[in-house]
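Protein chains: 2
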Amino acid sequence: MNDYCTPENVCCATDADLARLAKALGHPARVAILRLLITRTECVCGEIVHELPLAQSTISQHLKMMKESGLIQGEVDGPRICYCVNRAVLAQLKALIAAL
Amino acid sequence: MNDYCTPENVCCATDADLARLAKALGHPARVAILRLLITRTECVCGEIVHELPLAQSTISQHLKMMKESGLIQGEVDGPRICYCVNRAVLAQLKALIAAL
DNA sequence: CCGTGCTATCGTATATCTACGATGAACGAT
DNA sequence: ATCGTTCATCGTAGATATACGATAGCACGG
Chain A
1 MNDYCTPENV
11 CCATDADLAR
21 LAKALGHPAR
31 VAILRLLITR
41 TECVCGEIVH
51 ELPLAQSTIS
61 QHLKMMKESG
71 LIQGEVDGPR
81 ICYCVNRAVL
91 AQLKALIAAL
Chain B
101 MNDYCTPENV
111 CCATDADLAR
121 LAKALGHPAR
131 VAILRLLITR
141 TECVCGEIVH
151 ELPLAQSTIS
161 QHLKMMKESG
171 LIQGEVDGPR
181 ICYCVNRAVL
191 AQLKALIAAL
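Here you go:
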């Protein structure tokens with residue numbers, strides 16, 4: 001919406017980007033999901049459900065949110081859907097945070 | 101609440117920490133505020149209100165949230181309150197993100 | 001003491017998040 | 001074609017976030 005830009009503080013479409021990515025990590029379950037996807041270098045589908053104490057629909061919602069943020073990608077693999085980290089976006093997040 | 105720990109994924113009180121800090125940056129206004137506090141190395145009070153297109157009460161709420169997350173500190177300076185970045189916590193956030 | 005400027009908080013309204021069960025859609029196997 | 005598996009979506013409920021105006025508290029200057 002607003003970008004909170006000011007004349008003296010030349011910004012930075014990255015404010016919204018950073019906020020969006022940070023929000024995607026703003027819940028412990030999503031942090032856990034991201035870690036899971038990172039450790040399992042391979043894409044992982046709904047075994048995430050078996051790792052976290054949450055209902056399948058709730059996990060699906062978190063995955064959707066993370067996918068919309070760009071942090072995660074999902075690819076159809078037969079009956080199941082394999083999720084994997086979008087390394088480029090994760091790198092962007094790291095860069096944005098490190099640049100603070 | 102839950103820490104989503106699993107036997108195979110030895111974690112990590114840092115899941116909750118990371119989520120809390122990420123959430124504190126999960127809104128464009130708060131990113132803008134953090135940037136403002138970083139550039140003005142000096143502590144800054146409510147001139148933040150003049151930089152962002154938000155009401156004073158809204159800014160105060162964001163500041164409260166950021167203060168509760170630990171990212172920010174506020175010190176009373178006469179009639180006004182000077183906010184400054186908690187460098188240690190910011191460094192912790194950077195480390196947690198970089199470690200992903 | 002009294003006003004002024006600066007913040008925090010309250011009250012409120014709307015929107016989004018979080019979580020669950022139930023249902024639906026897609027696919028492979030029988 | 002039918003079943004079971006896998007995942008997304010719907011509907012719902014309660015909690016939290018976002019934003020504002022109004023009000024209250026505090027410190028300083030007159």
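Protein chains in written order, with this note's numbering: chain A, 1 to 100; chain B, 101 to 200.
Positions of the beta carbon are idealized from the N, C-alpha and C atoms, including for glycine.
Taking all protein chains in view, the Cβ of ASP177/B is surrounded by fewer than 16 other Cβ atoms within 10 Å, so the residue is classified as exposed. Pairwise C-beta distances place the region 93-100 of chain A in contact with the region 17-31 of chain A, as three or more of them are shorter than 8 Å. Residue environment analysis places ILE38/A among the exposed positions, since fewer than 16 neighbouring C-beta atoms fall within 10 angstroms of its C-beta. Below the 7 Å Cβ cutoff, chain A contributes no neighbours of GLY146/B, its closest Cβ being approximately 15 Å away. Annotation: the continuous alpha helix (DSSP H) that includes VAL131/B extends over 128-139. Assigned with DSSP and collapsed to three states, GLU47/A falls in helix. At a cut-off of 8 Å, the C-beta of ALA32/A has a neighbouring C-beta in chain B. Not a single C-beta of chain B is nearer than 8 Å to the C-beta of GLY70/A.
Going by DSSP, GLY170/B is part of no beta strand (DSSP E) at all; its letter is neither H nor E.
The CB of LYS123/B comes closer than 9 Å to the CB of ALA22, LYS23, LEU25, GLY26 and HIS27 in chain A, given here in chain order. Using a CB distance cut-off of 8 Å, LYS194/B counts as an interface residue toward chain A. Neighbours of ALA98/A in chain B, taken as residues whose beta carbon is under 8 Å from its own, are LYS194, ILE197 and ALA198 in chain order. As a beta-bridge residue in DSSP terms, ARG80/A pairs with ASP77/A. Following the DSSP letters along the chain, one finds LEU121/B inside the alpha helix (DSSP H) bounded by residues 114-124.
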